[in-house]
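Take a look at the structure set out below.
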Amino acid sequence: MQQSEIHQFLERYFYANQCEVVGGGSGYMTVQLSIDLDKELMNRPFYWHYLEKTGGVPNPMKLNLVTNPDSAPDEFKGEVIHFGSPRLHQIFQSTKKLASFIRLYEEQSLISGQQIPLHPWLGLNIKISYQCDLKKDTLRSIGLNLINGRMIESFHDVLINKNLTPKIPDYCFTLTPIIKPKSGISRIRTYLETELQQESDDWALSARERWREDLKLLDHFYSDSEETPEAYEIEKEALKEQYEPKITIEILNGGLFYLSKYSQ
């Protein structure tokens, strides 16, 4: 996930949760949190409990975030956000909790008397994790047209350039999906699994080799024992947990997006 993509993701996250970006520029932003998002992100339970008990005036915090330190002014002080940072991980978890699935419609410039059809797309943001004694995560954003089955990558980039609203706009109508969303999710998962099967497995082979080397050391350490102690089995199982290669596919969030058209 590139820093520019993180910046765009944060903008959409705060917008979707009724928070105003009150300042900033390329690579940095100041966000006025809503009451709900202050409670969600800022870990101030005692403040909110006291306020609700006394009937005081709420004062949600502002959050300064830096997505590109090279672009942010020297005098701007904020949390540096990058893939893997605690704050971004917290926001990913919040996204799953608050908006795991949404439905949005594209707004169009109206032509008098013209009805505009909106095509259904399933959009999924997915995290693929390669795990052994090392770990690598990649994010994918995939869109699937639920009428013709067309699948596109970087669907998030398509959406950020469109005006989307939770209410169907006037003079627009939605086309009925031919592919059900549940079937669409299965198609996207199958597409990713097929792609993963074609990737190089050198990383997994290297992990298994490191696993074998550490297992040899473990066997050597206990070679003088007349009986295999329980600790040996525990440590052997721990090595398996540490080194065994695995790939997981996790849907972070998704939605149905009714769009007028998409051309590439």
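Numbering (numbering that gives the first Met the number 0), first residue to last: 0 to 263. Where a beta carbon is used, it is the ideal one built from N, C-alpha and C, also for glycine.
Helix, strand or coil for residue i per DSSP?
i	result
Gln113	coil
Val157	helix
Phe5	Correcting the residue identity first, residue 5 is Ile in this sequence and not Phe. Here Ile5 sits in helix by DSSP.
Gln196	helix
Glu249	strand
Arg139	strand
His219	helix
Leu62	strand
Lys76	coil
Phe256	strand
Ser128	strand
Pro180	helix
Lys235	helix
Leu133	coil
Leu191	helix
Leu145	coil
Start and end of the alpha helix (DSSP H) containing residue i?
i	result
Lys95	Pro85 to Leu97
Glu152	Not the alpha helix (DSSP H): Glu152 falls in the beta strand (DSSP E), residues Met150 to Glu152.
Thr53	Pro44 to Thr53
Leu174	Neither: Leu174 is in no alpha helix (DSSP H) and is coded neither H nor E.
Leu103	Taken as a continuous stretch (DSSP letters only), Leu103 belongs to no alpha helix (DSSP H), being part of the beta strand (DSSP E) at Phe100 to Glu105.
Glu39	Ile34 to Leu40
Given residue i, which residues of its chain have a CB within under 6 Å of its CB, disregarding the five upstream and five downstream residues?
i	result
Leu64	Met28, Gly77, Glu78 and Ile80
Thr66	Gln2, Ile5, His6, Gly26 and Ile80
Gln107	Ile115 and Ser259
Ser262	Residue placement at Ser262 is flagged as unreliable, the pLDDT there being 43, under the threshold of 50; the coordinate-derived value follows with that caveat. Contacts found: none.
Val30	Phe13, Cys18, Val20 and Leu62
Gly23	Thr29
Phe75	Tyr27
Asn200	Per the sequence presented here, residue 200 reads as Asp, with Asn not at that position. Answer for Asp200: no residue qualifies.
Quick one: give me the first and last residue of the beta strand (DSSP E) that residue i is part of.
i	result
Gln31	Tyr27 to Gln31
Glu226	No beta strand (DSSP E) contains Glu226, which DSSP labels as neither H nor E.
Glu19	Glu19 to Gly24
Keeping to the same chain, check which residues put their C-beta closer than 8 Å to that of residue i; ignore five residues upstream and five downstream.
i	result
Lys239	Trp210
Pro228	Tyr221
Pro180	Leu121, Leu145 and Leu255
Phe172	Gln114, Ile115, Pro116 and Leu117
Leu163	Leu103, Tyr104, Glu105, Glu106 and Phe256
Ser224	Tyr231
How many whole angstroms separate the CB atoms of residue i and residue j, which I take to be in contact at a CB cut-off of 8 Å?
i	j	result
Arg186	Leu143	6 Å
Arg139	Ile127	6 Å
Leu9	Lys161	With 8 Å as the limit, Leu9 and Lys161 do not qualify as a contact, their Cβ atoms being about 18 Å apart.
Ile248	Ile125	6 Å
Leu32	Pro57	Going by Cβ atoms, the distance from Leu32 to Pro57 rounds to 11 Å, so no, they are not a contact pair.
Phe45	Leu251	Rounded, the Cβ-Cβ distance is 31 Å, inconsistent with contact.
Gly148	Ile178	6 Å
Cutting at 7 Å between CB atoms, please list the residues of its own chain near residue i, excluding the five before and the five after it.
i	result
Ile101	Gly254
Pro176	Pro119, Leu145 and Ile146
Arg86	Glu78 and Ile80
Lys38	Trp47
Phe154	Gly122, Ser140, Ile141 and Gly142
Arg188	Ile248
Sufficient close CB pairs (3 or more, under 8 Å) joining the segment 131-140 to the segment 164-173: no
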